[in-house]
Amino acid sequence: MSVLVLQPGNRAQLSQWLDAGDWVVACLCAAWCDTCRAYRDTLDELAARHPDKRFVWIDIEDEADVVGDIDVENFPTLLMQRGDTVAFFGTILPEMKLADRLIQAQTAGDPKAAAGSEDFNLRLRLAEA
């Protein structure tokens, strides 16, 4: 499965996935960030390893109206969401095995909301953008 690079013209696709209850794994990065550019290949590989999930690349500057006041302090930052439930939001080390284990753990079974995660709900942010 390929990674969707979020842009104004394809936001409806992300909304449809969230409305359908698909697991969405979003990487919040920036074009100027060397770590992000290097991590893009990792995200592509993760998408291939998890074809049952939807992967999205969100440039925090290009998509500032969607990201809003989400405080991305470091890169890469991952967000895992199903429907309105944000199961994970945080910075991780840019390592394939770590991200792979995190995705498996966070998306097993019914999602459990991460503490304070309502601020990071992509579904609501897309509706407001």
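Whatever position you read off the sequence shown (first residue = 1), add 4 for the working numbering. Here a beta-carbon is modelled for each residue, glycine too, at the ideal position from N, C-alpha and C. Bear in mind that the values here come from a model prediction, so they are computed numbers and not experimental data.
So, using beta-carbon positions, are residue i and residue j closer together than 7 Å?
i: Val70; j: Leu32; result: no
i: Leu18; j: Ala103; result: no
i: Trp21; j: Arg44; result: no
i: Phe4; j: Gln110; result: A query on residue 4 cannot be resolved here, the shown segment of the chain reaching from 5 to 133 and no further.
In this structure, how does DSSP classify residue i when only helix, strand and coil are distinguished?
i: Leu10; result: coil
i: Asp26; result: coil
i: Gln131; result: Note that residue 131 is Ala in the sequence shown here, rather than Gln. Helix.
What whole-angstrom Cβ distance do residue i and residue j have, given they're in contact under 8 Å?
i: Val29; j: Leu82; result: 7 Å
i: Leu10; j: Val90; result: Not a contact, Cβ separation roughly 16 Å.
i: Met5; j: Ala52; result: 7 Å
i: Ile64; j: Pro80; result: Incorrect: roughly 11 Å between the Cβ atoms, too far for contact.
To the nearest angstrom, how far is the alpha carbon of residue i from that of residue j?
i: Gly25; j: Gly87; result: 5 Å
Problem - Whole runs of the alpha helix (DSSP H) within the segment 76-108, excluding any shorter than 4 residues - result: Runs found: none.
Problem - Every unbroken beta strand (DSSP E) within the segment 28-75, with a cutoff of 3 residues, ordered by chain - result: Runs of the beta strand (DSSP E) inside the segment 28-75: 58-63.
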